[in-house]
Structure formats: structure tokens, C-alpha cells
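Chains as they are written, first to last, in the working numbering: chain A, 1 to 358; chain B, 359 to 533. Some notes on the structure that comes next.
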Amino acid sequence: MWSFRHIANEIHAWLSANFNPTLTLIIEMVLAGVAVIGLFAALGLVLVLMERRVAAWIQIRLGPNRVGPKGLLQSLADTLKLIVKEGLTPDGADKLMFNVAPFIAMIVAMLLMAPIAFAKDFQLWDLNIGVLFVSAVSSLMVISILMAGWSSNNKYSLLGAMRSGAQIVSYELSAGLSILTIVVFTGSLQVSDIIHAQADGWWIFKGHLPVWIAFVIFIIAVTAETNRAPFDLAEAESELTAGFHTEYSGMKFALFFLAEYINVFIVCAIGATLFLGGWMPFHIGNWEGFNRVMDYIPSSIWFFGKTFFLIFVIMWFRWTFPRLRIDQLLNLEWKYLLPISMINLLVATAMAILGWHF
Amino acid sequence: MSGKQCFVSVKLISPKYMFITKYIKEVFGAVKSLAIGMKRTIYYFTHHKEIITQEYPDNRDTLVLPERFKGEVVMPHNENNEHRCTGCQACELACPNGTIKVIFKNELTPEGKKKKAIDKLVYHLELCTMCNLCVEACPSDAIKMAQTFEHSVYDRNQLTKILNKPGSKIMEGVE
């Protein structure tokens, strides 16, 4: 059995046999950190290429097809270019804050990786308030954007950062409320509990209308939270050159760029975990044969398949919808999404109490 | 249909609370219109056959340009090295950037009369925005837009072109 859990257990057993418990813990933490950074690098390469391909196909173009076979090495070449570029710090910038901001963006993204279950029993940290942790830490993202915008000493950066602040703070509410819908049904904030509650069917099938509404609102809210089109007012290249990262270049820019894609991956992973059952295979009632076949597909493939499906949906949004204005953006949140998700939460709670879901 | 629905909602809900029906209609209308847009883009995504872009340097020999593509202004000449330009300056006046300059000379007609004709029709490609106003202004169809577009040169002077060929004259019957 070559499952992730098996590999992790083997490594743990080998380390425990050769080192004392403290050293084992430290080595395991380092290994986990390296694994997360490796995953980040791989995700960055894959998602940038995927975005460009999806964009090209939606716009009836070909997309990158020059570097490597079918253009598969394009994002690698771009990364190489960004690495060898000079990371310039402007004269008028607040040097410390300017240089720290991209790293804060990455640290937030790394922290968010902790409670995500990548495969069956394969999770960095299954803390009992996993979902709360995610929604709390993801709001720290705005700090790095505000820092970058403020310290750049550039009006475009500042405008972008301020817009981003207003946007993330408001959309957090409806994202939180739609997450709460699932928490109400499951009765637990722990990620592993939420996944195990979906063993007999994902919440999107079991929860009827309230969960569908919560799912749609969640997708809209996280699209806004990750500053992606149609909510990309923080960058808005046609109005603000590049928004909060106007002054960034080289690897510091690359970190912001990477953080955006990592955040997209994370929110899609959370969405897949909450609504689509995380690594749970697709099961239909008592079709024993069908369920058995589905169980043969590894849990990590289920997880990444669902996550990448949601990532595709978010990319699909980006290349379909035009960008909103700042007042339209706040109208959408405060006048539509928030009231709807509040009523939706009320209905979901009533359903959970009365046991109207499967 | 919509009028009937409106009538029903007026009957059921007092005008004071009409904003609720409006709100709900707005939400459904928004979701519907977004879904229509997404349907269109997923159609393009899944029907990945027709490509509107050209793989230019590779298909340079077989490049098919759209009919309305405009590359530069040219003056067609016939086999006797004759053009249709009367030197009326309509193109020069029509050009918003001062791209075209008409320089005259005096020609002697066979009857010994002096006649005004163009010496040089100077065209500054580097100033041209391909707006097509000169071609539309020309009363005798002397100039037209060509589809050539590889205009890079090392010296800016090479972009100043003289459209009439050396030794050319005006076609018979064009006034």
C-alpha cells in the first residue's frame, strides 16, 4: 500500500527508532515544512500554466506552446526569469515593511496548509478548531497586502491596498457564514470530523438547498477574498497598473504572485473539504459494486481532483465576468450575499435540528 | 407574461413590501445572466477547434489576414507606370496626424499648357495610425490600404516613403 499515510508512518517509525523523541519531532517538522514548500513550488508552476491555458481556450486562443513539449515548461522559464531579476526597493519606500510584506503573504499561505487533509489520515495538524483556524488565519492575508500598499510610497499601491482591505474584511463575513452552515450540519469544527460525516454522501448532496446556496456564496466570497477577477480591484491592472504590488519586482513580486495561486488552491481545498467531501470517494446509497470501484481510486486523487475542479471554476469566473466597481462590490456583499447567507444559515440550523437532511 | 406576473405580485403583496419581490427578482436575474455568460465561455472552452489567433512567424507563408486588416498606405500603379492621383490634397487635409504631404510640379501638356501634377506624395509611415481617413477622402481612388505589416527598419528615415514611383504619371482620363 503506497498511500500517503503509509509513507508518513514509515518515516515516523524510522525516525523514532533512530533518534530521541524531541529530535524526531524537530526533524518531522522540518520535513513537513520542506514538503509544504515543495508543494507550493509545484502548485505555482502547475496553476500558472493551467490559468494561462484555461484563459487561452476560453478566449479561442492557443496559449503558451513554445517552451518545452506543448508549452509545459513555460511557467518554469518564467520562474527562472523572475529569480534572476533584481528585487528593487524604491527609495521612498519603508524598507523593512516593504521587504517583509511578501514573506507575510507566504507565511499566511503556509499556515493555512496545516489543517488541510490531503489524503485519508494524512494531515499536518488535525486541530479541533480546524475550520475556525482557517477562517481566522486567512484574514491575516489582508495585513500583507496593506503592508505592501502602504510601504510602497505609491498612490496606486495604496489605493489597491485600501480596496483590498475593504473587500477582504467584508467578504470574510459571508464566507464565514457559509462555512458555518456546514459546521451546523456536522456539529464539529474539526476537519477530520467534517470529512467523516460525509462518508455516506457529500454535504452538497445531503444538505439540499441551504448547502447549495452556501456553496455558491462560499465560492463567490472566496473568489473575492483571494482578490481574483471579477473581484480583482486590489490589482485592477487597467486602473491601478498593478495595485498593491506595483513597486515589487523580481522574487518579491513572484512571492505575491505565488501567494495568490496558493491561496486559490487553499480556499478550493477548503471548499472541497466542506462541501464535496474532501478525500471521501463518491458513493451512491447501496450500490455496493459502484462504491467498491470508487474506493479503489486513491483518496489523494479524489482530494486533488475536487480541488482542481473548484480551481477551474474560479478560473472560469475570471475569464467570463467583467470586473466590479468598488461600490458594486460592497453592494453585492452587504445587500445581497450577507442577508441571503444569514437567512440561509437560519434555515440550515432549523434543518439540522429537525433532522431534515439525510 | 411579465405583466401578468407583476399583477399577481401586486395582488398578493401590498405595495409597501414590493421591494422584496424586486430584490428576489434581481437575485434570480443576476444568477441567470451570469449563468448565460458562463455557458458561453464553457462552450468555447470545450469546443477547442476554431482558433482566432495566428501562429505568425511559423505560418508566414500561409498567413491569412482578415479583410479589414490595414498595414500601410500604398498607391497602385498600372503596367504603364501610371497612377490615378490628381494631387487634389484631399488626403493631406483628411489626415489627422499630418502623415501625408503632397509636393507639386508643373507639367507641360501636349498642347503646351502648364498643368499641375504631383511630384512626390510623401507618406510618413511612422506617424500613421492606419485610420483609413485618407483612403475614404480620396475622390479618384488613387491610394489604398495594403496588408503588409513587417515595417521594422534600423533607420527612421526609411519610414518616410514616396508613394508615386519615379517617372510615373497620371492615368489618362482621371481628373
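Ideal placement from N, C-alpha and C gives every residue a C-beta, glycine not left out. Treat the numbers as computed from the prediction; the structure is a model and nothing was measured.
Among the options, which one has its Cα closest to the Cα of residue i?
i	options	result
A/Phe98	A/Ser144, A/Leu180, A/Gln198	A/Ser144
B/Leu466	B/Ile458, B/Ile476, B/Asp419	B/Ile476
A/Ile301	A/Leu332, A/Pro230, A/Phe122	A/Phe122
A/Ala136	A/Lys155, A/Ser164, A/Leu177	A/Leu177
A/His283	A/Pro339, A/Asp200, A/Ala214	A/Asp200
A/Val169	A/Thr181, A/Ser192, A/Met141, A/Leu159	A/Met141
A/Trp365	A/Asn291, A/Ala224, A/Tyr171	This structure leaves residue 365 of chain A out entirely; chain A is present only between 1 and 358.
A/Ala8	A/Ile266, A/Phe312, A/Thr79, A/Ala119	A/Ala119
A/Phe275	A/Trp202, A/Met147, A/Leu73, A/Met351	A/Trp202
A/Leu258	A/Asp78, A/Tyr156, A/Ala352, A/Met351	A/Asp78
A/Val183	A/Asp94, A/Leu23, A/Met106, A/Ala348	A/Ala348
A/Ser152	A/Pro115, A/Lys95, A/Leu354	A/Lys95
A/Ser157	A/Ile340, A/Thr241, A/Leu338, A/Ala13	A/Thr241
B/Ile528	B/Glu440, B/Pro497, B/Arg426, B/Cys489	B/Glu440
B/Thr411	A/Val54, A/Gln59, A/Arg52, A/Arg53	A/Gln59
A/Ser164	A/Leu111, A/His245, A/Phe304	A/His245
Just how far apart, CA to CA, sit residue i and residue j?
i	j	result
A/Arg5	A/Leu173	35 Å
A/Leu25	A/Leu31	10 Å
B/Pro434	B/Ala500	7 Å
A/Gly278	A/Ile194	9 Å
B/Thr399	A/Arg323	16 Å
B/Lys478	B/Asn515	16 Å
A/Val100	B/Ala452	57 Å
B/Lys459	B/Tyr481	7 Å
A/Leu345	A/Leu330	21 Å
A/Val108	A/Ala175	18 Å
B/Pro373	A/Glu260	47 Å
A/Val134	A/Pro21	29 Å
A/Phe309	A/Ala117	17 Å
A/Phe19	A/Met29	14 Å
A/Met106	A/Met113	11 Å
B/Val432	B/Pro454	18 Å
A/Gly305	A/Ser238	34 Å
B/Asn438	B/Val532	15 Å
B/Cys446	B/Arg426	26 Å
A/Ile217	A/Leu332	11 Å
A/Leu189	A/Leu209	22 Å
A/Ala11	A/Ala17	For the record, residue 11 of chain A in the displayed sequence is Ile; it is not Ala. Looking at the two C-alpha atoms, the distance is approximately 10 Å.
So what does DSSP say about residue i, is it helix, strand or coil?
i	result
B/Phe462	strand
A/Ala236	coil
A/Phe19	coil
B/Gln516	helix
A/His245	helix
A/Ala272	helix
A/Asp121	coil
B/Ile528	strand
A/Arg5	helix
B/Val422	coil
A/Val48	helix
A/Ala350	helix
B/Tyr414	coil
A/Gly355	coil
B/Met488	coil
B/Cys453	coil
B/Lys362	Note on B/Lys362: pLDDT 49, under 50, position unreliable in the model; no value is reported.
A/Leu31	helix
B/Ile409	coil
A/Lys252	helix
A/Thr373	Outside the modelled stretch of chain A, which goes from 1 to 358, sits residue 373 of chain A, for which no answer is possible.
A/Gln399	This structure cannot settle anything about residue 399 of chain A, because the visible part of chain A is limited to 1 through 358.
B/Ser510	coil
A/Leu310	helix
A/Glu333	helix
A/Arg66	coil
Check the C-beta distance from residue i over to residue j and give it rounded, since I have them as a contact under 8 Å.
i	j	result
B/Val385	A/Tyr336	6 Å
A/Leu49	A/Pro64	7 Å
B/Ala495	B/Cys449	6 Å
A/Phe215	A/Ala224	So it is not a contact: roughly 15 Å between Cβ atoms.
A/Met251	A/Gly87	5 Å
A/Ala234	A/Ala161	7 Å
B/Lys502	B/Val493	6 Å
A/Ile340	A/Ile220	Wrong, their Cβ atoms sit about 10 Å apart, outside the cutoff.
B/Asp377	B/Gly429	For the record, residue 377 of chain B in the displayed sequence is Phe; it is not Asp. Incorrect: roughly 57 Å between the Cβ atoms, too far for contact.
Bridge partners for residue i per DSSP, in chain order?
i	result
B/Leu479	B/Val460
B/Val431	B/Met503
B/Lys473	B/Glu465
B/His441	B/Ile528
Within the present structure, is the beta-carbon of residue i separated from the nearest heavy atom of the ligand NAD by less than 7 Å?
i	result
A/His208	No copy of the ligand NAD occurs in the structure displayed, which carries no ligand at all.
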